[in-house]
């Protein structure tokens, strides 16, 4: 166990409940190894999820991925950032790339692509990608997330049809 890992474990243990301790531990970890993908990713999460500084978070995520494109733990967090910031084209390109990387979590990537399509109100495509996510899911908890997303999207589709029907009846 290295000193860097000790600081990363402290940061992971502190996040998100004690941000001051998490940031201090990450600063120590990055001082010892400025290219540590786990530390860069967690720092990105703090900037994205807590401080909502998406540009700064993006810097940390891209630095981590530049260091190791196979840092799979970065993928879902980086995609969340791109979706929150409505960087849809970049998110689509990244997902397409990540799906080609051997060992990447295909279920998570197809799920994120479904969320991307949902945000773009492309519900049919979102449902198609949820089917793909289901195919690659080997975890019951994640299967629950996929099923909840499917239900949410179908609910949005039915509400869209209802409002279209109302508009037709008014004419």
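Numbering (the numbering used here), first residue to last: 1016 to 1186.
Quick reminder that beta carbons are idealized off the backbone N, C-alpha and C, glycines included.
Just so it is clear, the structure is predicted and the values come from calculations on it, not from any experiment.
Out of the options, point me to the one whose CA is closest to residue i's CA.
i            : options                : result
residue 1075 : 1065, 1066, 1087, 1093 : 1093
residue 1088 : 1068, 1160, 1115, 1054 : 1054
residue 1173 : 1095, 1073, 1063, 1138 : 1138
residue 1136 : 1069, 1068, 1155, 1103 : 1103
Leaving out the 5 sequence neighbours to the left and right, which residues in its chain are closer than 6 Å to residue i when beta-carbon positions are compared?
i            : result
residue 1151 : 1121, 1122
residue 1026 : 1037, 1040, 1041, 1057
residue 1071 : 1062
residue 1149 : 1161
residue 1158 : 1152
Would residue i and residue j be called neighbours here (beta carbons separated by less than 8 Å)?
i            : j            : result
residue 1057 : residue 1090 : no
residue 1192 : residue 1023 : There is no way to answer for residue 1192, as the model of the chain reaches only from 1016 to 1186.
residue 1082 : residue 1050 : yes
residue 1109 : residue 1097 : yes
residue 1059 : residue 1079 : yes
residue 1034 : residue 1077 : no
Counting only the same chain and skipping the five closest in sequence on each side, list residues whose C-beta sits under 7 Å from that of residue i.
i            : result
residue 1141 : 1129, 1132, 1133, 1168
residue 1019 : 1044, 1047, 1048, 1051
residue 1146 : none
residue 1171 : 1138
residue 1119 : 1087, 1090, 1113
Classify residue i: buried if its beta carbon has 16 or more other beta carbons within 10 angstroms, exposed otherwise.
i            : result
residue 1032 : exposed
residue 1125 : buried
residue 1114 : exposed
residue 1144 : buried
residue 1176 : exposed
To which residues of the same chain is residue i closer than 8 Å at the C-beta, ignoring the five residues directly before and after it?
i            : result
residue 1101 : 1134
residue 1084 : 1116
residue 1107 : 1128, 1131
residue 1069 : 1062, 1063, 1096, 1099, 1100
residue 1105 : 1097
Practice problem: Evaluate the contact criterion for the segment 1158 to 1168 versus the segment 1116 to 1135: three or more CB pairs, one atom per stretch, below 8 Å. | Solution: yes
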